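In what follows, a single structure is set out as structure tokens and then discussed.
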Amino acid sequence: MFSRMSGRLLGIAPAVPALIVLFVFFLYPVVRMLGYSIEGGTFEWYAKALGEGLYLQVFLNTFEIAFWVTAICLVLGYPLGFLLATTTPGWATLGFIFVLLPLWTSVLVRTYAWMVLLGRNGVFNRAMLEAGLISDPIPMLNNFSGVLIGMVHVLLPYMVLPIYGAVRRVDPSLVSAAEGLGASNARIFRRVYLPLTLPGIFAGAVIVFVLSLGFYITPALLGGGRVIMVAVMIEQQVHQTLNWPFAAALSASLLVVTLAIYALAQRFTRSSEAA
Amino acid sequence: MQARSADLKVQGLEKRFGEVAALDGVSLDIMSGELLTILGPSGSGKTTLLKVVAGFEKADAGTVRIDGIDITALPPARRDIGMVFQNYALFPHLTVRANVAFPLEMRNVARAEIETRVTEALQLVELGGYDKRLPKQLSGGQQQRVALARAIVFNPRLLLLDEPFGALDRKLRETMQLEVRRLQRRLGLTTIFITHDQEEALVLSDRIAVMNQGRIQQVATTTEIYERPANRFVADFVGESNIFHGTVTEPGVISLEGGRRLLARHSGKTGQRMGVLMRPERFGRGTNVFAGEVKEAVYLGVSFKLRIACDDGLELIVRQPARGELPAAGTRVNVSIDPEDIHVF
Chain A
1 MFSRMSGRLL GIAPAVPALI VLFVFFLYPV VRMLGYSIEG GTFEWYAKAL
51 GEGLYLQVFL NTFEIAFWVT AICLVLGYPL GFLLATTTPG WATLGFIFVL
101 LPLWTSVLVR TYAWMVLLGR NGVFNRAMLE AGLISDPIPM LNNFSGVLIG
151 MVHVLLPYMV LPIYGAVRRV DPSLVSAAEG LGASNARIFR RVYLPLTLPG
201 IFAGAVIVFV LSLGFYITPA LLGGGRVIMV AVMIEQQVHQ TLNWPFAAAL
251 SASLLVVTLA IYALAQRFTR SSEAA
Chain B
1 MQARSADLKV QGLEKRFGEV AALDGVSLDI MSGELLTILG PSGSGKTTLL
51 KVVAGFEKAD AGTVRIDGID ITALPPARRD IGMVFQNYAL FPHLTVRANV
101 AFPLEMRNVA RAEIETRVTE ALQLVELGGY DKRLPKQLSG GQQQRVALAR
151 AIVFNPRLLL LDEPFGALDR KLRETMQLEV RRLQRRLGLT TIFITHDQEE
201 ALVLSDRIAV MNQGRIQQVA TTTEIYERPA NRFVADFVGE SNIFHGTVTE
251 PGVISLEGGR RLLARHSGKT GQRMGVLMRP ERFGRGTNVF AGEVKEAVYL
301 GVSFKLRIAC DDGLELIVRQ PARGELPAAG TRVNVSIDPE DIHVF
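Protein chains in written order, with this note's numbering: chain A, 1 to 275; chain B, 1 to 345.
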């Protein structure tokens, strides 16, 4: 009895430093934040966050952006992940460098780079003007599309990697079998690859969606104050209006929504694995 | 279910993987309705040959013809060849019924006809009632049957089986072998069976093609392969064997290395070097007598297997009907073999 207890304690011991760090710098601040949000024992800040049209609109904006970012990442990321998983090892390595390189670069740097590219006098607009393709600059910065472009760029690897993994796990003999049984390439994709990589698609979509919900730097810079996502709004409450209880209520609401989506996704993946 | 039996003609196939020649000039004729086994050790090129026939691998040279029509350049999807893979390759996300229906759906067969044909195919492999199961809910033998049903349901012109019974235990393997044989006969389906198991090859085949190092060593009926192997490799690979080399000294006599004179029927000229094969179970009565000492004796139920060190230096494996006491090691014995039972190659 004693030895079993001490054995268990011994197993925990190496994790203690990390547990302390998590407790002090993660769990405590979250609890403290939740405390702020109901300061004075009222739920008025929650009522304001979720009840007033203006703030609700920001939540809806955030979901809309997250949805489109996820959709675009999927459309761009599936072919890329598929290609990386099915090409020769040499090309796959090269492809991976291109996919992963952005991940090793600061988000801030990449976002500023996009500002240079997308601006009214940016690289893209000037090139198209000079080529005579357009007569007026297309607004690509400080709006919805600017935010989308920047976020898709940052989040694409999170979609590509799980899809790459899922495609790699498809047994090549299944593809041969389908081919031998008379399936065209389109049908091999639809009947074999797509259903077998669905868990990867799902995993990638959940990661991208959840990360999008809390995105801050990219929408703050590329949105130019005109595209407000929840994280941007929270920052304004903290720094500009100094309304910490309201910022805490917004944060808590976002946290709950994110956790709910994550839990829902977990349920789906588990039931699709069981099937 | 009616098979559209076809014959297959493979000519001058060559395939190199870097330095290695997987197929080194392979030609093969398979008759309509025949079950031909390609037997060979791993790395002999037999799987490459099958892949080239199925269209999954492109040969560097040579042609593949079905019923006289050149299909060398045709993609696998348009060859109408049914194939059972080593690991079955059943679609894990589809039910048994959907797996078997797959090739019919790819051919845009009408819904109602798919239903009847799938039911028929599943009954043929004795899996009626398993329609709604997923592959992982089936045993190895059952998965095997599904793979078989899926490979024959669209009336292929040719059936290819790539070591399909490797993962099954011995008893199940034997059942499945007989079942494949029964099914193949009943449908009259031209079939190529790949295996490295010589016993399996003998049980199943009309003819056997023995392959080694990318070449076909011999194509012949099962008895021919066993009784009259064309060369040392075939003699050694198929069945247990005592193989020696010697020189023809006079008609009907071969002097083995080491000096032993052996009476044997042969067509060689004096001075020609020849190989000699004596099957262990052929020892009994005969004019070639070997005296020696038992080195090792094993009881195998049906027979005793003896390793005998002969006084003239030869070492023989001999099988005798299991009757009486198992000879102890060190026992002196005489064994003999008839010249008619010695195969010279």
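Glycine residues also receive a C-beta, built at the ideal position from the N, C-alpha and C atoms.
Given the structure is predicted, the values throughout are model-derived calculations rather than measurements.
- Taking 7 Å as the CB threshold, A/Leu181 lines the interface with chain B.
- Membership of B/Thr331 in any alpha helix (DSSP H) is not indicated, and neither H nor E is assigned to it by DSSP.
- DSSP places B/Gly62 in the strand class (E or B) of the three-state scheme.
- Residue burial annotation: A/Leu264 is exposed, with fewer than 16 other C-beta atoms found within 10 angstroms of its C-beta.
- Boundaries of the beta strand (DSSP E) harbouring B/Leu316: Glu315 to Pro321, taken from the DSSP string.
- Residue state for A/Phe246 is assigned as helix, using DSSP reduced to three classes.
- Per DSSP, the unbroken alpha helix (DSSP H) holding A/His153 starts and ends at Phe144 to Arg169.
- Judged by their CB atoms, B/Ala235 and B/Leu39 are not nearer to each other than the 7 Å cut-off.
- Contact check for A/Ile163 against A/Gly204 passes: the beta carbons are separated by less than 7 Å.
- A/Leu27 and A/Ser135 have their C-alpha atoms roughly 55 Å apart.
- Using a Cβ-Cβ cut-off of 7 Å, A/Leu141 does not count as an interface residue toward chain B, since no Cβ of chain B sits closer than that to its own.
- Under DSSP, B/Ser255 shares a beta bridge with B/Thr247 and B/Arg261.
- Comparing alpha carbon positions, the residue from B/Asp67, B/Pro41, B/Gly45 and B/Gly68 closest to B/Glu57 is B/Gly45.
- Taking 9 Å as the Cβ-Cβ cut-off, the segment 188-216 of chain B has no residue approaching chain A.
- For B/Thr331, the closest C-alpha among the options B/Val318, B/Lys305 and B/Glu296 is that of B/Glu296.
- Beta-bridge pairing by DSSP links A/Leu94 to no other residue.
- As computed with DSSP, B/Arg79 is found in no beta bridge at all.
- By the rule that beta-carbons nearer than 7 Å mark a contact, A/Ala177 touches chain B.
- Closer than 7 Å to the CB of A/Leu194 there is not a single CB belonging to chain B.
- Listed along the chain, the chain A residues whose CB falls inside 7 Å of the CB of B/Pro76 are Glu179 and Gly180.
- If you draw a 10 Å sphere on the C-beta of A/Phe23, you find fewer than 16 other C-beta atoms in it, and that means exposed.
- Between the segment 81-93 of chain B and the segment 205-223 of chain A there are fewer than three inter-stretch CB-CB distances shorter than 8 Å, so the stretches are not counted as touching.
- Judged by DSSP in its simplified three-state form, A/Met140 adopts coil rather than helix or strand.
- At a cut-off of 7 Å between beta carbons, B/His343 makes no contact with chain A.
- Under the Cβ criterion of 7 Å, A/Ser251 is not counted among the residues facing chain B.
- For the pair of segments examined, the segment 315-330 of chain B was found to touch the segment 278-285 of chain B: the number of CB pairs separated by less than 8 Å reaches three.
- Against chain A, the beta carbon of B/Ala89 has neighbours under 8 Å at Asp171, Ser173, Leu174, Ser176 and Ala177, listed in chain order.
- For B/Thr195 and B/Thr48, the gap between their C-alpha atoms comes out near 13 Å.
- Going by DSSP, B/Arg111 is part of no beta strand (DSSP E) but of the alpha helix (DSSP H) stretching over Arg111 to Leu124.
- Judged by their CB atoms, B/Lys9 and B/Arg65 are nearer to each other than the 7 Å cut-off.
- DSSP places A/Ser176 in the uninterrupted alpha helix (DSSP H) bounded by Pro172 to Gly180.
- The DSSP-derived three-state label of B/Gly128 is coil.
- Close to B/Ile81, with beta-carbon spacing below 8 Å, are these residues of chain A in chain order: Gly180.
- Annotated as distal: B/Leu138 and B/Met83, with beta-carbon spacing of 7 Å or more.
- Taking a Cβ-Cβ cut-off of 7 Å, the neighbours of A/Arg187 in chain B comprise Met106, given in sequence order.
- Residue burial is scored here from C-beta neighbours: B/Arg79 has at least 16 other C-beta atoms within 10 angstroms and is therefore classed as buried.
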